[in-house]
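These protein sequence lines map, in sequence, to chains B and D.
Quick note on UniProt numbering: the first sequence kicks off at 1 and runs consecutively.
Quick note on UniProt numbering: the second sequence kicks off at 1 and runs consecutively.
A virtual CB, placed ideally from N, CA and C, is assigned to each residue, including glycine.
Worksheet: the structure to be examined is printed underneath.
Protein chains: 2
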Amino acid sequence: MTVTLADVAARAQVSPATVSRVLNGNYPVAASTRERVLRAVDELDYVLNGPASALAAATSDLVGILVNDIADPFFGIMASAIQAEIGGPGGRAGGERLAVVCNTGGSPERELTYLTLLQRQRAAAVVLTGGAVEEAPHAAAVAGKLRKLADAGTRVVLCGRPPAPDTRAVALTFDNRGGARALTDHLIGLGHRRLGYIAGPGERTTTRHRLEGHRAALAAAGIEEDPRHTVHGRYDRRSGYEATLELLRRDPSLTAIVAANDSVALGACAALRESGLRIPEDVSVAGFDDLPFSIDAVPSLTTVRLPLSEAGARAGRVAMGREEPPPGGIASVRGELMVRGSSGVPRE
Amino acid sequence: MTVTLADVAARAQVSPATVSRVLNGNYPVAASTRERVLRAVDELDYVLNGPASALAAATSDLVGILVNDIADPFFGIMASAIQAEIGGPGGRAGGERLAVVCNTGGSPERELTYLTLLQRQRAAAVVLTGGAVEEAPHAAAVAGKLRKLADAGTRVVLCGRPPAPDTRAVALTFDNRGGARALTDHLIGLGHRRLGYIAGPGERTTTRHRLEGHRAALAAAGIEEDPRHTVHGRYDRRSGYEATLELLRRDPSLTAIVAANDSVALGACAALRESGLRIPEDVSVAGFDDLPFSIDAVPSLTTVRLPLSEAGARAGRVAMGREEPPPGGIASVRGELMVRGSSGVPRE
DNA sequence: CTCCTGGTAGAAAGCGCTTGCTGCAACGCT
DNA sequence: AGCGTTGCAGCAAGCGCTTTCTACCAGGAG
């Protein structure tokens, strides 16, 4: 039923070996022969059998991209950039690779299972994006998998994710701590003293790093930290909305709210507005990531811009072996403070 | 180096066939034997070789999801929903399938190449999302591929995409025309007579359908169409911004702007605001899709809600053969008009 | 005119898994 | 007791491709 290499070979009057070589182009084949083969391929509408090829060659052209939440533009933008470099079809690289993005939904188990699935497929490379879960057993399990993948020849790259020790994985990490520090410094510089902080899920590295940066800024300014001023939630709008109401309940005198990311910040804005508070006159708001919609918020969001596309592209190139990994396999990518309309001098 | 089925078999003192059957669970194996095998698998840390298995079984557990732009939440949300149903790891289905999303970037060639790649991998199913390109040769090429995929046993589902005749592909189509009609009807009902329309790229089905709905509403209200009132652009914020300035230049007396989608609408809002026009007092704005951020716009966006998640989930189930396809293989999914703050009675 | 070399093509041995078929106990029936 | 069942396990033949090794053909050198 389906056309095989042998069929093409028969039609072109050559051996299967020759057809394979023409298709892979890694062995000298006379021009006339090549042409004949190519014609046969065309006439028969032959499509290579990926699994068979992967089995025989012991490698596949699959590249996995793991993301925590594909519905979140943060990951969408990164995935898009990574994938553009991987090649996928149309990428600049000649070798067509199937860049596939896998949605872990932030679940450690899923992450592991996807890694296994990718290992099973003998993926050529794997890029893990976004923060990791810090729970020890899981971190160890992931590290183990990554090590095995690397052993099997799969290139592993972490993008926007902290380095994984002892894994030979290249890490392009975002300087969340530094970005958060700069952001809160900015707010403090404006005169704010009572700042609420809406953090992400407690077990994620991203959450911890941003929170640490925030606290470092407070400490540096001699502002004592009030435990009531920090609330944990998810990385979404809804969470920001609810957390803001909670913060306001705990301390109505807050003059600024720092959110874990832009989506959360948007939710915070909505909650403030509904509470009759003006932004930034009554309360300043700050986000993180600088996703495209942040500039359209009213007022536009003060935030920390993360070079998602650039980092993704670089990760993609490294994964393809088209760019040298950074020295030591680790690079820290800095964010840039974007001061916009949502932050201002506090009232009183 | 790597552990194979045979190694596991040796360790468990059974034949490779038995190990395979334990792993696939589609053949009776005595409990004691099964347990022994499972233990060996565990001890050896065995990982099935996907390609080999796919080759032997002539099917793989790959499911492809094609999207036009993975950085766009419209697709992210759908992909997420589809994938949750496909299973991926953690899905409700037992059989672990690797749901992979492929980013075509809206390019017809890439779409085709991805389809070939998926065909090459002998994918179990393929879900194509979003509008299609209408150019005849390309449409034919895609239809041909889909037919071949179907012939090879791959289930093909279209989600938010018009039916592909003669392809046996199941289509869950959004009623873009109806939604657009309702939206413009709403605006006309408020008293608007001079409406600008920012359309998407001309060659996409989505663009055409939404535009048709809009025009149908105008015609029904006896409003003559002014060619100056329609501008084409891309489906992004930037495009909305520029198109709005252009519309305003062409006819400063417009009282409403209907955008191809929410992102475009956001851009339109920004342009209006910068032009010193109030929304909706001076100009009403309407979007399409009802993406999460639409409600956070100020004022919140009047738009047409498309059940992205629901449709995606359904598409995923159909792709898995877990739900009956709609009668005739085609279902039209309706949108719901969401009237919010960005639309109001025109001035004067 | 033979020998060697460089350039191509073919033969064939797998890659690791699935599965149809066969084999063989143990069992229950008449 | 004899024989058909039933339940499980193994054998072995591929699945379609890659790749090593061998074979061959020219042509130039000796």
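Span of the beta strand (DSSP E) around residue i
i, result
"residue 257 of chain B", "256 to 259"
"residue 232 of chain D", "230 to 232"
"residue 284 of chain B", "284 to 286"
"residue 155 of chain D", "155 to 159"
"residue 173 of chain D", "170 to 174"
"residue 8 of chain B", "Residue 8 of chain B -> not in any beta strand (DSSP E); alpha helix (DSSP H) instead, spanning 5 to 12."
"residue 332 of chain D", "330 to 333"
"residue 336 of chain B", "336 to 338"
Under 8 Å from the C-beta of residue i: neighbouring residues of chain D
i, result
"residue 68 of chain B", "Ordered by position in chain D, no residue passes the 8 Å Cβ test against residue 68 of chain B, which lies about 11 Å from the chain."
"residue 176 of chain B", "Simply none; closest approach about 21 Å."
"residue 8 of chain B", "Correct list: empty, because the minimum Cβ distance to chain D is about 14 Å."
"residue 266 of chain B", "293 and 296"
Cross-chain neighbours of residue i in chain D, by beta carbon under 7 Å
i, result
"residue 298 of chain B", "298"
"residue 292 of chain B", "237"
"residue 60 of chain B", "51"
"residue 275 of chain B", "What residue 275 of chain B touches in chain D: nothing, since even the nearest Cβ is about 15 Å away."
DSSP bridge partner residues for residue i (one or two, in chain order)
i, result
"residue 64 of chain B", "B:100 and B:126"
"residue 347 of chain D", "Its beta-bridge partners do not exist; DSSP assigns none."
"residue 78 of chain D", "Residue 78 of chain D is not bridged to any residue."
"residue 421 of chain B", "Residue 421 of chain B lies beyond the residue range present for chain B, which begins at 1 and ends at 348; the question has no answer from this structure."
"residue 302 of chain D", "D:286"
"residue 41 of chain D", "DSSP, once it has assigned bridges, lists no residue as partnering residue 41 of chain D."
"residue 133 of chain B", "B:204"
Extent of the continuous alpha helix (DSSP H) to which residue i belongs
i, result
"residue 167 of chain D", "Counting along the chain, residue 167 of chain D falls outside any alpha helix (DSSP H), and DSSP gives it neither H nor E."
"residue 267 of chain D", "262 to 274"
"residue 149 of chain B", "136 to 151"
"residue 26 of chain D", "Neither: residue 26 of chain D is in no alpha helix (DSSP H) and is coded neither H nor E."
"residue 318 of chain D", "308 to 319"
"residue 120 of chain D", "108 to 120"
Chain B residues whose Cβ lies nearer than 8 Å to that of residue i
i, result
"residue 13 of chain D", "Neighbours of residue 13 of chain D on chain B: none; closest Cβ ~25 Å, over 8 Å."
"residue 77 of chain D", "71"
"residue 49 of chain D", "55, 120 and 122"
"residue 2 of chain D", "152"
Cross-chain neighbours of residue i in chain D, by beta carbon under 9 Å
i, result
"residue 269 of chain B", "296 and 298"
"residue 23 of chain B", "The premise fails here: residue 23 of chain B is roughly 12 Å from chain D at the closest Cβ pair, so nothing lies under 9 Å."
"residue 342 of chain B", "The premise fails here: residue 342 of chain B is roughly 12 Å from chain D at the closest Cβ pair, so nothing lies under 9 Å."
Contacts that residue i makes with chain B (C-beta to C-beta distance below 7 Å)
i, result
"residue 132 of chain D", "In chain order: nothing, as chain B lies at least about 17 Å away."
"residue 284 of chain D", "Ordered by position in chain B, no residue passes the 7 Å Cβ test against residue 284 of chain D, which lies about 17 Å from the chain."
Contacts that residue i makes with chain B (C-beta to C-beta distance below 9 Å)
i, result
"residue 32 of chain D", "Chain B residues near residue 32 of chain D: none, gap ~26 Å exceeds 9 Å."
(message) Any C-beta of chain D within less than 9 Å: which residues of the region 98 to 110 of chain B qualify?
(response) Here the close residues are 98, 99, 100, 101, 102, 103, 104, 105, 107, 109 and 110.
(request) Counting only runs of 4+ residues fully inside the region 183 to 247 of chain D, write out the alpha helix (DSSP H) ranges in chain order. (result) Runs of the alpha helix (DSSP H) inside the region 183 to 247 of chain D: 205 to 220.
(request) Using a Cβ-Cβ cut-off of less than 7 Å, list which residues of the region 230 to 258 of chain D approach chain B; keep chain order. (result) Result list: 237.
(request) Note down, in chain order, all residues in the region 149 to 172 of chain B with a beta-carbon under 8 Å from any beta-carbon belonging to chain D. (result) Listed by position along the chain: 152.
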